[in-house]
């Protein structure tokens with residue numbers, strides 16, 4: 010089965026929705042205008058059960074099928090990023106310092122397209138829960154929605170989501186039956202030294218030297234403390250210290266990120282990071298304190314649901330356009346919280362040779378929106394067929 014014809018006919022309308030959202034990005038949990046736009050469209054489609062204010066601006070809408078059955082959740086994220094839009098398009102962001110440079114405007118559009126089709130046809134049993142989620146990029150809106158009881162409140166049995174994938178063939182799907190995206194943690198190391206005059210460093214305890222030594226030693230966690238077959242990233246991304254060229258500062262701060270798939274590996278990283286920070290600092294006559302913050306857990310697909318989702322993708326895009334054994338990648342996703350709460354699967358949808366996500370020149374490829382919408386729609390019809 011190719012792209013659903015009636016969804017293909019919505020292509021121009023969907024492009025209009027997406028470009029409107031692109032011009033009006035919002036951040037974090039504060040997706041008020043985006044949620045209002047979503048609710049307006051859902052009401053136009055004849056959907057009457059619409060719940061708002063979940064995780065502040067999240068929306069869950071329910072479409073009833075033609076017979077009793079399970080509730081299947083479909084999720085799209087709505088938030089943008091705090092950066093400038095340098096796409097150069099006529100529909101570029103009109104909000105300074107905010108831009109849809111990860112394609113969440115496209116994800117929301119795909120789910121709206123599926124919603125319009127499903128509300129018109131209702132060719133399925135049970136119910137579909139349309140989940141429009143804020144704050145994927147930072148505050149974990151997916152976690153908050155789950156913690157606020159969304160899964161139990163709407164009796165969601167399974168949940169599915171899609172993310173666009175720059176660099177992959179447009180309309181091609183990628184997924185697997187296990188770990189797809191990494192867990193994401195953050196760390197801060199505060200080093201306390203003794204400042205003084207840059208011309209007399211022997212009178213100081215220089216935290217810059219300690220910071221450099223700690224940064225180098227942290228790289229040995231991957232190379233010497235964890236099995237080489239494990240996927241792990243430990244990246245120092247910031248070092249902050251000093252105010253002038255002739256002053257040895259009192260303190261230095263190191264910041265970075267950890268990406269992992271295995272909880273035991275995460276525990277090793279945390280333990281070794283604390284040891285390295287403490288004892289490297291001591292070797293220079295200083296102290297160091299580690300603040301390790303656990304973030305999004307790994308996004309782990311459920312095998313049965315992932316294979317099912319891949320089979321639906323083949324119906325929509327063709328067998329040659331679906332890779333159901335894609336390798337995991339190191340970015341993270343707060344859809345992970347929904348997959349911890351319920352069985353389901355996450356897939357990538359190729360969007361072509363474009364700027365990568367989080368690049369200021371990124372723009373969602375409108376041509377793939379009908380593909381994603383058709384996948385969502387067909388998944389519901391396949392998962393909950395009429396008797």
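Residue numbers (this note's numbering): 10 to 396.
Beta carbons are placed, not taken as given, at the ideal position from N, Cα and C, and that holds for glycine.
Item	Value
Out of 116, 95, 66, which one is the CA nearest neighbour of residue 153?	66
Using CA atoms only, rank isn't needed, just tell me which of 254, 250, 241, 199 is closest to residue 209.	254
Could you give the DSSP three-state label for residue 250: helix, strand or coil?	strand
Are the segment 22-32 and the segment 359-375 touching, with three or more C-beta to C-beta distances below 8 Å?	yes
From the DSSP output, which residues share a beta bridge with residue 136?	73, 80
Which parts of the segment 137-178 are runs of the alpha helix (DSSP H), unbroken and 4 residues or longer, counting only runs that do not cross its ends?	150-156, 159-162
Which class does residue 27 belong to by DSSP, given the choice of helix, strand or coil?	helix
Nearest CA to the CA of residue 14: which residue from 257, 387, 395, 300?	387
Under 8 Å, do residue 101 and residue 94 count as touching if we go by C-beta distance?	yes
Give me the Cα-Cα distance between residue 292 and residue 243, rounded to the nearest whole angstrom.	22 Å
Spatial neighbours of residue 136 within its chain, please: C-beta separation below 7 Å, excluding the five flanking residues on both sides.	71, 72, 73, 74, 80
Excluding sequence positions up to five away, which residues of its chain have a Cβ less than 6 Å from the Cβ of residue 133?	74, 389, 390, 393
Let's test the definition: count the other Cβ atoms within 10 Å of the Cβ of residue 256 and tell me whether it reaches 16, buried, or not, exposed.	exposed
Around the Cβ of residue 110, are there at least 16 other Cβ atoms within 10 angstroms (buried) or fewer (exposed)?	buried
Got a sec, what are the start and stop residues for the beta strand (DSSP E) residue 357 sits in?	353-361
Assuming residue 289 contacts residue 222 under a Cβ cut-off of 8 Å, what Cβ separation, rounded to an integer in Å, is found between them?	5 Å
Nearest-angstrom Cα distance between residue 90 and residue 321?	31 Å
Within 10 angstroms of its Cβ, does residue 228 collect 16 or more other Cβ (buried), or is it exposed?	exposed
Once DSSP output is grouped into helix, strand and coil, what is the label at residue 3?	An answer regarding residue 3 cannot be provided, because it is not within the stretch 10 to 396 covered by the chain.
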